[in-house]
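The sequence shown begins at 18 in our numbering and counts up by one. Let me begin by presenting the structure, written as structure tokens, before commenting on it.
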Amino acid sequence: MIHEHHVQQEGGFSSCLKPAAGARALKISMYSSKYQSMRIPVLFKSVHATAEQEVLADSGATNNFICQQLLKRLQISYIPVQNPIKIWNVDGTHNQDGAITHYTDLQVRTGTESKILHFLITNLGQDEVILGYPWFTAFEPKI
């Protein structure tokens, strides 16, 4: 379970997400730059462990992403994808981990609202979690 803190939930943010929506329609998976992003504090909670840290919320990311090391630390299982998913970095290069082969579904709470969201597992460099387009459209935070 992921708990978000200090993010208001008022509609209207989805209108800013057209580039990510287009990429999703083309079935291209990418995470983008820190220019369309912000850091928000998150509480990660599983039956085995709890951790609090800031994560990247990036409106240019086509999906939600999480690194395998965090899943292992929190003892959260993951599932293979049906077909490997190519992932591109914002600079047009392939991600160093190659295609995405696994995902996990996590309960995400933002404010008082809670939803199950899909997270693709890949190497995120310095970040352990990126909340992307699906998070923004699910919760429509007012920023």
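A virtual CB, placed ideally from N, CA and C, is assigned to each residue, including glycine.
{"Item": "Cβ pair F61, F136 closer than 8 Å", "Value": "no"}
{"Item": "Touch test, the stretch 90 to 103 against the stretch 112 to 131, Cβ-Cβ under 8 Å, three pairs minimum", "Value": "yes"}
{"Item": "Backbone CA spacing between G115 and L141 [nearest angstrom]", "Value": "12 Å"}
{"Item": "Euclidean distance between Cα positions of Y150 and I104", "Value": "15 Å"}
{"Item": "Straight-line gap, L88 to H65 (C-alpha atoms, nearest Å)", "Value": "11 Å"}
{"Item": "Three-way DSSP call (helix, strand, coil) for Q86 in this model", "Value": "helix"}
{"Item": "CB contact below 8 Å: K89 versus chain D", "Value": "The chain inventory of the structure shown lacks chain D, comprising one protein chain alone."}
{"Item": "Collapsed DSSP secondary structure at Y150 in the structure displayed", "Value": "helix"}
{"Item": "Paired residues, beta bridge with D75 - DSSP", "Value": "S54"}
{"Item": "L141, DSSP secondary structure in three states", "Value": "coil"}
{"Item": "Nonlocal neighbours in the same chain, by C-beta distance under 6 Å from K51, ignoring five residues either side", "Value": "Low local confidence applies: a pLDDT of 49 at K51 is under 50, so the model's placement there is unreliable, with the coordinate-based value given in what follows. Result list for K51: empty, nothing under 6 Å."}
{"Item": "Chain-order list of residues whose beta-carbon lies under 8 Å from that of I133 (same chain, five-residue window excluded)", "Value": "D122, L123, Q124, V125"}
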